[in-house]
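Residue numbering for the sequence shown follows our numbering, beginning at -13 and increasing consecutively.
Built from N, CA and C at the ideal position, the CB exists for glycine as well.
Just so you know, these numbers come straight off a predicted model, no measurement behind them.
What follows is a single structure, written as structure tokens, with notes after it.
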Amino acid sequence: MKTGPGRTAQKNRTRKAILDGARTLLAEGQQVTVAAAAEKHGISKATAYRYFSDPAVLVAEAGLDISVRSYEEITRDAADLRQRLKAISLYFFDLALEHEAGFRQFVSMTLAAWRPDQSRRTSTRGARRVTMYEQALAQDNGGLTQAERTQLVLALTTATGSEAMIALLDVAGTDPDTARATVATLADAILDAFLGPSDPPAQRAGTPLAL
């Protein structure tokens, strides 16, 4: 199976096109179906159903029309690979906090639409953070092998965004500021494991001295 930044970018373009089709249908006052949304951009029904198996989830994500800053904007002040990856992690956590209600609704719809046998699916969620992590590693691979880069992206992906927000606010019962500091701590720990330690923990921006 073809993988890597190019494949991820293509999947994101397809997903974005289907979402755009759904928003067009909503604006026209028409019923939103997966096939109809895909047809707006010439995408086949079979392809569309690999991204969205439930029209309710499609509508929920289409309604979560959030403008995401570009990779260049997010990493503009980062001096090296470690800082770029950490900036991406914190950005997507901040985005979840800023649009908490919308993300919670979307996560709820995604979970409600889950079925036990979804082995044929290729994607049920957007992968913007994954694409940006891969872009950073394409710019500077940090001396890592492809397998190590893949594992690093997976580790960082699990430690930010709406999933981390829900775990920290709802399960751990912490406040948003402490939650954000914890995401920074997690990012540092993951980056230490793959890239080696940088600054002492007490000197890291966004990391509390004690938790």
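**Asked** Between the C-alpha atoms of Ala124 and Val139, what's the straight-line distance to the nearest angstrom?
**Response** Cα-Cα distance, rounded: 12 angstroms.
**Asked** CB Pro162 to CB Leu76, shorter than 7 angstroms?
**Response** Judged by beta-carbon spacing, Leu76 lies beyond the 7 angstroms limit of Pro162, meaning their Cβ atoms are not closer than that value.
**Message:** Distance check for Asp174 and Glu134, CA to CA, integer angstroms please.
**Reply:** Their Cα atoms are separated by approximately 16 angstroms.
**Item:** Residue closest to Pro102, alpha-carbon to alpha-carbon, out of Arg(-1), Thr10, Lys2, Ser39
**Value:** That would be Ser39, whose Cα lies nearest to the Cα of Pro102.
**Request:** Hey, could you find the ends of the alpha helix (DSSP H) Ala198 is sitting in?
**Result:** Since the first and last residues shown for the chain are -13 and 197, residue 198 lies out of range.
**Message:** Within 10 Å of its beta-carbon, does Leu71 have 16 or more other beta-carbons around it, so buried, or fewer, so exposed?
**Reply:** Buried, by the Cβ-count rule.
**Item:** Contacts around Gln16, its chain only, beta-carbon distance under 8 angstroms, and the 5 residues preceding and following it disregarded
**Value:** Within the same chain, Gln16 has close Cβ partners Ala22.
**Prompt:** From this set, Glu25, Asn(-2), Gly88, Ser53, which residue's C-alpha is nearest Thr10's C-alpha?
**Reply:** Selected option, being the one with the closest Cα: Glu25.
**Request:** Sort Ala73, Leu50, Ala113 by Cα distance to Phe89 and report the nearest one.
**Result:** With distances taken between Cα atoms, Phe89 lies closest to Leu50.
**Asked** Roughly how many whole angstroms lie between the Cα atoms of Leu181 and Ala170?
**Response** Straight-line Cα distance between these residues: approximately 16 angstroms.
**Request:** Measure the beta-carbon distance from Ser148 to Arg68 and round it to whole angstroms, keeping in mind my assumption that it falls under 8 angstroms.
**Result:** 24 angstroms between Cβ atoms; not a contact.
**Asked** When the Cα atoms are used, what is the spatial distance from Ala32 to Leu44?
**Response** For Ala32 and Leu44, the distance between alpha carbons rounds to 15 angstroms.
**Straight-line gap, Tyr37 to Leu130 (C-alpha atoms, nearest Å)** = The alpha-carbon atoms of Tyr37 and Leu130 are separated by roughly 30 angstroms.
**Asked** Looking at the unbroken alpha helix (DSSP H) that takes in Lys31, where does it start and where does it end?
**Response** First-last of the alpha helix (DSSP H) with Lys31: 31 to 34.
**Message:** Is the separation between the beta-carbon of Phe78 and that of Arg115 shorter than 7 angstroms?
**Reply:** Contact: yes.
**Extent of the continuous alpha helix (DSSP H) run through Gln91** = Its alpha helix (DSSP H) spans residues 86 to 98.
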